[in-house]
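Chains as they are written, first to last, in our numbering: chain F, 25 to 459; chain C, 769 to 1102. Working notes, beginning with the structure itself.
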Amino acid sequence: MIDKPRRVAIIGGSRIPFARSNSHYSHASNQDMLTAALESLVARFDLQGQRIGEVAGGAVLKHSGDRDLTRESVLSTRLAPETPAYDVQQACGTGLETTILIANKIALGQIDCGIACGTDTTSDAPIGVNEDLRGIMLDLNREKSLVGRAKQLTRLRPGQIVPSIPRNEEPRTGLSMGEHCAIMAQEWGIGREQQDELAARSHHNLAAAYERGFMEDLVTPYLGLERDQNLRPDSSVEKLAKLPPVFGGPQGTMTAGNSTPLSDGSSAVLLASEEWAKERKLPVLAYFVDGQAAAIDHVHKREGLLMAPAYGMPLLLERVGVTLQDFDLYEIHEAFAAQVLCTLKAWEDERFCKERLGLKAPLGAIDRDRLNVNGGSLAAGHPFAATGGRIVASLAKALSERKPGRTPARGVISICAADGQGVLAVLESAGGAQR
Amino acid sequence: MATRTLKSSPRLLPLYARAAAPLIPGACLLPFVPGAGKSIPELELTLQDVRADGAQVADYAKVCGFALREHLPITYPHVLAFPLHMAVMADGRFPFGAVGLVHIENRILQHRPVGIGEPLSIKVWPTALEPHARGRAFTLVTQVSAGGEVVWEDFSTMLRRGGGSASENKVGPGERKAADRDGEGSPAAGLRPSATWRLPGDLGRRYAAVSGDRNPIHMHPLSAKLFGFPGAIAHGMWSKARCLAALESRLPDACEAEVRFRKPIVLPAKVQLASSLSEQPAGAGGSAEAPAGEVVGDSAGEIRFALTDAKKGTPHLDGVVRPVEHSEERSTGK
């Protein structure tokens, strides 16, 4: 047992380039991709044959056969088979949640090192047997007598051939996430132009990150893809302005350009105690400081589906003891440009902060030049459970590049998720005075 | 030496017709039907700029149990070279047709993993016929190069039954001796099974679809019976691929994987894999007390493995994987 929590180091991350749906990775399963991300991490940090304390991973779209997906993936890698693993599912927050879980166990001394990872495919999506057919098949199986079985078989209808396909739909509202976000955009008065600006900047920032070699030790090619397929370095507000709205009706402001595309990919992050890193002479990119999950009632109360991170932020700030302006870098997951802009506007809004967050004063504005400086999900794509790992690794590396000051450089991550949830975390650079 | 460079991968259907033609009495008198020659001709076929197709690799990986990686499954170049194998054996000067030949040994030498999209050149040639206890045998040698460097080699030894030191239909003393040697010399003798696989009746057709090897003995019980088998039999190269897929995470990048095919697997079947990995005591360095992150297992050593029938213990395949040092002599062919 340890007396007080240990510092948790982020050693680095590795991911495969993200592909657009039904393209490069259309034949790769979640397990294939998760294995590829883990193997690239193994290669990068020389983890062959090593028993890792724990691997936490997950996928949002899972086949019924994907039992213990993460453990099965671990067994396909060169990590020691004696490495325990488990699956996590928290919609788009999955990847960041696995990071928090691993970090907490390291902090408590339960493990010395761990891997947080995630994967998702929208190409190799699970297709279920028609619900009626499934019911009949189960009843048939329960019948003992021949007559009883024959009776069950008479319930079969041709229409039951139609399979059940997962839909991008909120189970309790029947609206897609895009439609929910369109309502938020309208309520918060987020215009088309600012959304397109954010999208164009995301592409430019990610392109620049690739150009200056920033992505070299973060991304490992897979199946012939070397960069994120969705990235359009020549994207511009003018080009984006030409796209028709896809959510919110003909007057809607959300397009295929300022919403993330369906994508395939995986990512993995290596975390460890300082001693573990030191023993292996592995440099520390950044430290994990704290994490926070939040949820709102999007079903019965008047709150936007993707507003949960707005609620989680003040809780996190208070615990870490900083203000929203104290961060050097902000990573707000760009599920939709409108989601990012609604969240920022909410933090600036006096009424929202007072009435809904219960604060005395608004959290205030942030310096937009510190936001998603190496690109966001609009440019990279968003394979749901893989996004958290992408952001953690990229932010940790960006923090490691900051010049050491009197205080460590800090970064905050905010990820919105389906079902009215959100996950946030704070990282800080290794340089500067110790907290 | 006649070296022929093919412009494209040969189409398999006409090759099958030619491979089977010697079964028709007198057909070998025709110049394009194998069977006229007395010895294996000096012949070399090459194919340039071959690229594996990602979707086909994915299908192959699924049927054999490999994860879809940035690199080809270790056995996949054999699939790319298979049309050349068929073309060599369908050559008019060949002493017998490919139908009826038995694949008895296969050795793969991977110098480094081969990328999926990498442009490859493939060279195939047969060695001379050599006497074998059960007939005569020769080896099809395959060399796969990338950027002028040999990256992958395959040695498939084929047996033409009959006319050997042992007579064909009767178990002679020579055969008995060979069989005994087979059993005792098994590198995997005495290993504990670590996995049981149920192989479906249509496995031959599934593997045929992803490998192009549509030998009738694999396709259907009826077509297999025509050739004297009790039912459709699993492809030898599938069984090798399946075993290596199960050991995939423990294969060194540069390695040699050698197998001997023993009794054919009659489908459907339940088989068991045993490997020397299971000889390592559990927790050898990986026990719960060991500090996390410790290196466990021995990935540098040799791995012996065997595939047997789950009920009867009939040996189907045994083999060994050895790491290859980079300094080692590259080419072993000629």
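Glycine is no exception: its CB is placed at the ideal position from the N, C-alpha and C atoms. Computed from a prediction, not measured in an experiment: that's the story for all the values here.
Closest by CA to residue i, which one among the options?
i                  : options                                          : result
isoleucine 1033(C) : Pro841(C), Arg966(C), Asn874(C) and Ser776(C)    : Arg966(C)
leucine 888(C)     : Asp827(C), His1003(C), Val919(C) and Met926(C)   : Val919(C)
glutamate 812(C)   : Arg772(C), Lys806(C) and His853(C)               : Arg772(C)
histidine 227(F)   : Arg414(F), Ser453(F), Gly405(F) and Ala454(F)    : Gly405(F)
lysine 86(F)       : Thr107(F), Glu63(F), Ala61(F) and Gln55(F)       : Gln55(F)
valine 1088(C)     : Val831(C), Val882(C) and Leu1019(C)              : Leu1019(C)
alanine 1037(C)    : Pro998(C), Glu1024(C), Pro1049(C) and Cys1023(C) : Pro998(C)
tyrosine 975(C)    : Thr843(C), Phe864(C) and Val909(C)               : Thr843(C)
alanine 232(F)     : Asp136(F), Ala403(F) and Tyr354(F)               : Ala403(F)
alanine 1042(C)    : Ser962(C), Ser991(C), Glu1024(C) and His988(C)   : Ser962(C)
glycine 248(F)     : Ala785(C), Ala820(C), Ser1046(C) and Ser777(C)   : Ala820(C)
valine 423(F)      : Ala361(F), Asp393(F) and Phe351(F)               : The sequence shown places leucine at residue 423(F), not valine. Ranking Ala361(F), Asp393(F) and Phe351(F) by Cα distance to leucine 423(F) puts Phe351(F) first.
arginine 31(F)     : Ser401(F), Leu309(F), Trp371(F) and Arg380(F)    : Leu309(F)
threonine 143(F)   : Ala52(F), Glu303(F) and Glu235(F)                : Ala52(F)
arginine 95(F)     : Thr197(F), Thr59(F) and Ala67(F)                 : Thr59(F)
arginine 39(F)     : Glu379(F), Val66(F), Asp27(F) and Ser45(F)       : Val66(F)
alanine 866(C)     : Ala1002(C), Pro894(C) and Ile890(C)              : Pro894(C)
glutamate 193(F)   : Gly400(F), Asn46(F), Cys205(F) and Pro274(F)     : Cys205(F)
glutamate 816(C)   : Ile872(C), Pro778(C), Asp922(C) and Val1039(C)   : It should be noted that the sequence gives glutamine, not glutamate, for residue 816(C). It is Pro778(C).
proline 285(F)     : Gly36(F), Lys28(F), Met25(F) and Ala43(F)        : Ala43(F)
leucine 1085(C)    : Glu1093(C), Gly980(C), Ala788(C) and Arg1072(C)  : Arg1072(C)
For residue i and chain C, any beta-carbon pair shorter than 8 angstroms?
i                : result
glutamine 253(F) : no
threonine 101(F) : yes
tyrosine 246(F)  : yes
Is there a C-beta anywhere in chain F that falls below 8 angstroms from the one on residue i?
i                : result
glutamate 898(C) : no
serine 777(C)    : no
valine 939(C)    : Note that valine 939(C) scores a pLDDT of 40, beneath 50, so its modelled location is shaky; the value from the coordinates is reported in the next line. No, valine 939(C) lies away from the interface with chain F (no Cβ there is under 8 angstroms from its Cβ).
glutamate 838(C) : yes
glycine 885(C)   : yes
glycine 903(C)   : no
glycine 915(C)   : no
glycine 822(C)   : yes
threonine 925(C) : no
alanine 835(C)   : yes
alanine 992(C)   : no
alanine 826(C)   : yes
alanine 1058(C)  : Residue placement at alanine 1058(C) cannot be trusted, given a pLDDT of 43 that sits under 50; what the coordinates show is reported in the next sentence. Yes, contact with chain F.
Can you check DSSP and say which residues form a bridge with residue i?
i                 : result
cysteine 1023(C)  : Gln878(C) and Pro1091(C)
threonine 814(C)  : Thr773(C) and Lys891(C)
tyrosine 354(F)   : Leu395(F) and Val436(F)
alanine 33(F)     : Ala296(F) and Tyr311(F)
valine 153(F)     : None, per the DSSP bridge assignment.
lysine 175(F)     : None, per the DSSP bridge assignment.
aspartate 1086(C) : Arg1028(C) and Ala1074(C)
leucine 967(C)    : Ala1037(C)
alanine 140(F)    : Ala80(F) and Val293(F)
arginine 44(F)    : Ser287(F)
tryptophan 212(F) : In the DSSP output, where bridge partners are listed per residue, tryptophan 212(F) has none listed.
glutamate 917(C)  : Ala914(C)
serine 924(C)     : Asn874(C) and Leu908(C)
cysteine 116(F)   : Gln114(F)
methionine 857(C) : Methionine 857(C) is not bridged to any residue.
Say yes only if the C-beta of residue i is nearer than 7 angstroms to one or more non-hydrogen atoms of the ligand ZN, and no if none qualify.
i              : result
alanine 785(C) : This structure does not include the ligand ZN; it has no bound ligands of any sort.
Check your understanding: Using a Cβ cut-off of 9 angstroms, which residues of the region 42-65 of chain F contact any Cβ in chain C, in chain order?
Key -> Cβ proximity to chain C below 9 angstroms picks out His48, Tyr49, Ser50, His51, Ala52, Ser53, Gln55, Asp56, Met57, Thr59, Ala60, Glu63 and Ser64 from the region 42-65 of chain F.
Point to revise | Within 9 angstroms of chain F by C-beta, residues of the region 1003-1025 of chain C in sequence order | key: Listed by position along the chain: Glu1016, Ser1017 and Arg1018.
Check your understanding: What are the start and end residues of each continuous beta strand (DSSP E) run of 3 or more residues lying completely inside the region 235-274 of chain F, in chain order?
Key -> 269-271
Practice item. Could I get the ranges of all uninterrupted beta strand (DSSP E) runs contained in the region 316-372 of chain F, with 3 residues as the minimum, in chain order? Key: Fully enclosed beta strand (DSSP E) runs of 3 or longer: 353-356.
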